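In this note's numbering, the protein residues as written are 389 to 490. Note that the Cβ used here is the ideal one computed from N, Cα and C, for glycine as well. Only a predicted model underlies this, so the values are computations on that prediction, with no experimental measurement involved. Inspection log for the structure reproduced underneath, given as structure tokens.
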Amino acid sequence: MATKILELNVDFKEQSKAGDTGSFSLQPLERGYGTTLGNAMRRVLLTSIPGAAITHVKIDGVQHEFSTISGVKEDVADIIMNLKKVRFRLMDNEPDKITLSL
């Protein structure tokens with residue numbers, strides 16, 4: 389059985405002067421390979437983004453995200469959506485656990 393070797397034409401274009409945006413082009417690819425390579429590249433690039441985010445929320449007396457809290461205008465789903473907008477900056481590369489009690 390003969391092995392077929394693909395010759396790929398790889399093209400990279402930097403789209404910003406800051407060097408934080410670019411475009412990759414790989415061709416020709418057989419059907420389905422673009423999705424496979426694109427997903428792998430997306431996962432690698434997303435793990436390389438520095439930053440921190442809220443991953444867990446626990447509210448006393450709340451059973452699930454569709455509950456309401458007496459005396460609070462927003463329901464729990466709205467509160468969680470607002471918490472997703474909170475941005476943090478870590479000064480080191482080590483993971484940290486932060487607990488906030490209100």
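Element boundaries [beta strand (DSSP E), containing L434]:
Taken as a continuous stretch (DSSP letters only), L434 belongs to no beta strand (DSSP E), being part of the alpha helix (DSSP H) at 421-435.
Beta-carbon contacts of D463 that lie in its chain and below 6 Å, excluding the five residues immediately before and after:
T456
Tell me whether the beta-carbon of L471 lies closer than 8 Å to the beta-carbon of I447.
no
So, helix, strand or coil for A406, using DSSP?
In the structure shown, A406 sits in coil (DSSP, three-state: anything other than H, G, I, E or B).
Give the C-beta separation of E453 and I468 to the nearest angstrom, bearing in mind that I take them to be a contact with Cβ-Cβ under 8 Å.
6 Å
Put N470 into one of helix, strand or coil per three-state DSSP.
helix
Does the distance from the CB of A440 to the CB of L478 come in under 8 Å?
Yes, the Cβ-Cβ distance between A440 and L478 is below 8 Å.
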